[in-house]
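**Q**
Residue numbers (our numbering): 12 to 625.
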């Protein structure tokens, strides 16, 4: 597995620098690399990790996976030209196609988890047994030959756009993150966050928010982000007096938001660029202000919770010294500027990421502490490959789901069902789509959740006149929020181990911290200016009123403004904030008047209380 991981990473570097290879062959090789390694690394179950029979089975499955690639490589010319010359499907195509699909589902179960494997299996059954489903869900019969052909021999199933994005975009960015991690840049970001906000009230919690947003630019996996920053921030929060579940929730919510923070928003954003045809840099620009609103709400709630719990900041002695880390590793920050420069200059995301990898490699030799050795270089290549395993497995399964949706016409049927339920009311439609996204995304990675949700929902929103960028970001946001939404909240479950708290309690607390973010996607639809679409003045006005609205709602949710609030005052604060989100002048003025009155009232009562105490 170690050797194959290194070969895979070297192959990706070659492809992203000078390599020329056909699209279908690239996707097939990328998939088989991942599946082969997954079977070598992941046991059938955790209890069988040392079982010799299971180890033999894993080698056999890995060998079968490798054979599927040999079939593809040897016959790639015929397979790529089938649609041109109308060649028939061969028996060997059916055999290797069935094997590939089965192996992908099993690899997904081992690497990603049972929920996504079950969902993929359900869609496979639906595609084949569709004629027996009731009512509008039924579709015409599909022969086994046609079914396997579509999912295996065309770039619309296993080797669809999700795998293409993994092979072309995601791997090189994961490699960039792995290079940064090896050189110690990740720890530098955490030290910078503690130094920036550590001494303020609720310092460790605020450091978690800042560090996770910074690491989110290079590590867009919520679970990896929780582990990386949480091992420092969660114990620090617990020591300062935060309840265990709240410490875990703050880290889970902060790490989840990392996928919303440009310039690297994770695999889902690259997939969005491919599906929508919108340049990746344009997506980053559009996502910037909503990401700021997310972290503004989180930072404010953390601040108010800290005041309410009477938790101070860290002492000077508890804070890391920045002089030595910056002296030893500060030069590594240049690689991020290199990445952003090439993205902003119009280069492709893959080229920008490759230049980022090259820059971090060269910069590492400026200091002894960051210099690569042969051993650390190969370990970095292996680490990047292992980080790609769950992403690739999830995207291969998502490709199957999309293929079944397209082949069966489920996307059209779904549009009809939602349209009938909502009665063509856009707001109700958005609510139904939000609920659907949160349900479909349970237990899935963000990439897989977004691909599935986008296939079903985005066409429907675009038909309703929603701008494509707004429709895709609506789907992306709720695919990301699945990470903290119970009952299956992967980021919360990851944080529970570090916080030693109930994952469900962490999940509900994280949703409470990020509750305003459930409103933000609706703003994309009703006021696209927040995505920097339209005039700068309109964008500035809307951003200001939404920031005020988020602040008011945060006060109401936490129950603290200038003092602790009673239930009636909390409802007033939330009401004023909600009114500021409505796109009309009347509600804007009403919301501002209520918010002003609420602020003056709470401040006056606080002053009066202080005078009485004196």
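Here a beta-carbon is modelled for each residue, glycine too, at the ideal position from N, C-alpha and C.
Assign residue 435 to one of two classes, buried (16 or more other C-beta atoms within 10 Å of its C-beta) or exposed (fewer than that).
**A** Exposed, by the Cβ-count rule.
**Q** Go through its chain and collect everything with a Cβ distance to residue 327's Cβ below 8 Å, but skip five positions before and after it.
**A** Correct list, in chain order: 210.
**Q** Give the secondary structure of residue 575 by DSSP, where H, G and I count as helix, E and B as strand, and everything else as coil.
**A** Reduced to three states, the DSSP call for residue 575 is strand.
**Q** Among 213, 415, 34, which has the Cα closest to the Cα of residue 325?
**A** The shortest Cα separation from residue 325 among 213, 415, 34 belongs to 213.
**Q** Exposed or buried, which one is residue 425 when buried takes at least 16 other CB atoms within 10 Å?
**A** Buried.
**Q** Run through DSSP, which three-state label would residue 583 get?
**A** DSSP places residue 583 in helix when its eight states are reduced to three.
**Q** Among 170, 393, 142, 569, which has the Cα closest to the Cα of residue 320?
**A** Residue 569 is the option with its Cα nearest to residue 320.
**Q** Which runs of the alpha helix (DSSP H) at least 4 residues long sit entirely within the segment 537–577? Give them in chain order.
**A** List check, alpha helix (DSSP H) in window: 547–569.
**Q** Only counting the same chain, and skipping five residues up and downstream in sequence, which positions put a Cβ closer than 7 Å to that of residue 80?
**A** Excluding positions up to five away in sequence, the list reads 39, 40, 43.
**Q** State yes or no: is the C-beta of residue 588 within less than 8 Å of the C-beta of residue 560?
**A** For residue 588 and residue 560, yes; Cβs fall inside 8 Å.
**Q** I need the DSSP call for residue 150, collapsed to helix, strand or coil.
**A** Reduced to three states, the DSSP call for residue 150 is coil.
**Q** Measuring CB to CB, does residue 418 end up less than 8 Å from residue 138?
**A** For residue 418 and residue 138, yes; Cβs fall inside 8 Å.
**Q** Quick check: the Cα distance between residue 423 and residue 171, rounded to an integer number of angstroms?
**A** Using only the alpha carbons, I get a separation of about 20 Å.
**Q** What did DSSP end up calling residue 369 once you bin it into helix, strand or coil?
**A** Helix.
**Q** Suppose you measure from the CA of residue 29 to the CA of residue 75; what does that come to, to the nearest Å?
**A** Straight-line Cα distance between these residues: approximately 30 Å.
**Q** Counting only the same chain and skipping the five closest in sequence on each side, list residues whose C-beta sits under 7 Å from that of residue 27.
**A** The residues are 183, 361, 365.
**Q** Determine the direct distance from the alpha carbon of residue 202 to that of residue 331, and round the result to whole angstroms.
**A** Taking the straight line from one Cα to the other gives about 6 Å.
**Q** Could you check which residue in 223, 529, 98, 298 has the C-alpha nearest to that of residue 263?
**A** Closest option to residue 263, Cα to Cα, is 223.
**Q** Give the range of the alpha helix (DSSP H) segment to which residue 53 is assigned.
**A** Segment: none, residue 53 is in no alpha helix (DSSP H) and carries neither H nor E.
**Q** Got a sec, what are the start and stop residues for the alpha helix (DSSP H) residue 527 sits in?
**A** Run containing residue 527: none; DSSP gives neither H nor E here.
**Q** So what's residue 16 in DSSP terms, helix, strand or just coil?
**A** Correct three-state label for residue 16: helix.
**Q** Going residue by residue through the segment 129–185, where are the continuous alpha helix (DSSP H) segments of at least 4 residues, counting only ones entirely within it?
**A** Listed in chain order, they are 155–159, 172–176.
**Q** Give every residue of the same chain whose Cβ lies closer than 7 Å to the Cβ of residue 427, excluding the five residues on either side of it in the sequence, and list them in chain order.
**A** Closer than 7 Å at Cβ, skipping near neighbours: 147.
**Q** Buried or exposed: where does residue 64 fall if 16 or more other Cβ atoms within 10 Å of its Cβ makes it buried?
**A** By the neighbour-count rule (16 or more Cβ atoms within 10 Å), residue 64 is not buried but exposed.
**Q** Assuming residue 613 and residue 573 make a contact with CB atoms under 8 Å, what is their CB distance in whole Å?
**A** Going by Cβ atoms, the distance from residue 613 to residue 573 rounds to 5 Å, so yes, they are a contact pair.
**Q** Could you give the first and the last residue of the continuous alpha helix (DSSP H) run that contains residue 328?
**A** No alpha helix (DSSP H) contains residue 328, which DSSP labels as neither H nor E.
**Q** Going by beta carbon distance, what residues of the same chain come within less than 7 Å of residue 554, once the five residues before and after it are set aside?
**A** So the list reads 300, 541, once near-sequence residues are dropped.
**Q** Is the beta carbon of residue 601 closer than 8 Å to that of residue 611?
**A** Result no, Cβ atoms of residue 611 and residue 601 do not sit closer than 8 Å.
**Q** Residue 342 and residue 374 look like a contact to me (Cβ under 8 Å); what is the Cβ gap, rounded to whole Å?
**A** Right, their Cβ atoms sit about 5 Å apart.
**Q** Which word fits residue 251, buried or exposed, when buried means at least 16 other C-beta atoms lie within 10 angstroms of its C-beta?
**A** Label assigned to residue 251: buried.
**Q** Please confirm whether residue 481 and residue 119 have their CB atoms less than 8 Å apart.
**A** Against a cut-off of 8 Å, the Cβ pair of residue 119 and residue 481 comes out as no contact.
**Q** When burial is assigned at 16 or more other CB atoms within 10 Å of the CB, is residue 288 buried or exposed?
**A** Burial call: exposed.
**Q** Over what stretch of residues does the alpha helix (DSSP H) that includes residue 436 continue unbroken?
**A** Here residue 436 belongs to no alpha helix (DSSP H), and DSSP marks it neither H nor E.
**Q** Is it buried or exposed, residue 70, if we count other Cβ atoms within 10 angstroms and call 16 or more buried?
**A** Under this definition residue 70 is an exposed residue.
**Q** Do the segment 243–261 and the segment 277–291 touch if we need at least three Cβ pairs shorter than 8 Å?
**A** Counting Cβ pairs under 8 Å, fewer than three are found: no touch.
**Q** Could you check which residue in 414, 543, 410 has the C-alpha nearest to that of residue 292?
**A** Of the candidates 414, 543, 410, the one whose C-alpha sits nearest the C-alpha of residue 292 is 543.
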